Amino acid sequence: MPVERSAWRANDSVAYEQMRAAADALVSLLLDESPPDVTGAASVLDDAQSVDGFDRAAVDAARERFETQLSDLRAARHV
């Protein structure tokens, strides 16, 4: 009996989880603002949910975008 293989490779799953972790960290920081940036947090969540998990380039691009926003926000807090 043939075994059906997943379209995801193990490293694709890791990349997707890294993208989600970056989005979660960004949302956390946005909600920790004074006042909380609820609209920005909702936008990040929408962006993360709209990423096609089978499109590795889209997953990587979203992770990079979230990490850049996260770095910028952290840098702005330390100025």
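Here the working numbering is used: position 25 in the sequence shown is 35, and no number is missing along the way. Just so you know, even glycine gets a beta-carbon here, dropped at the ideal spot from N, CA and C. Since this is a predicted model, take the numbers as computed values, not measurements.
Residue range of the alpha helix (DSSP H) that includes residue 38 | As a first step, residue 38 must be located in the sequence shown, where it is residue number 28. In the DSSP annotation of this structure, the continuous segment of the alpha helix (DSSP H) that includes residue 38 starts and ends at 20-41.
Report yes if the C-beta distance between residue 76 and residue 32 is below 9 Å; otherwise report no.
-> Start at 1 with the first residue of the sequence shown, and residue 76 comes out as number 66. Start at 1 with the first residue of the sequence shown, and residue 32 comes out as number 22. Cβ distance < 9 Å, so residue 76 and residue 32 count as in contact.
If we call anything under 9 Å between Cβ atoms a contact, is residue 73 one with residue 35?
-> Here residue 73 corresponds to residue number 63 of the sequence shown, with the count starting at 1. Here residue 35 corresponds to residue number 25 of the sequence shown, with the count starting at 1. Contact: no.
So which of 66, 84, 78, 83 has the shortest CA-CA distance to residue 20?
-> Here residue 20 corresponds to residue number 10 of the sequence shown, with the count starting at 1. Comparing alpha-carbon positions, the option among 66, 84, 78, 83 lying closest to residue 20 turns out to be 66.
Separation of residue 79 from residue 86, as counted between CA atoms = Within the sequence shown, the letter at position 76 stands for residue 86. Within the sequence shown, the letter at position 69 stands for residue 79. Looking at the two C-alpha atoms, the distance is approximately 10 Å.
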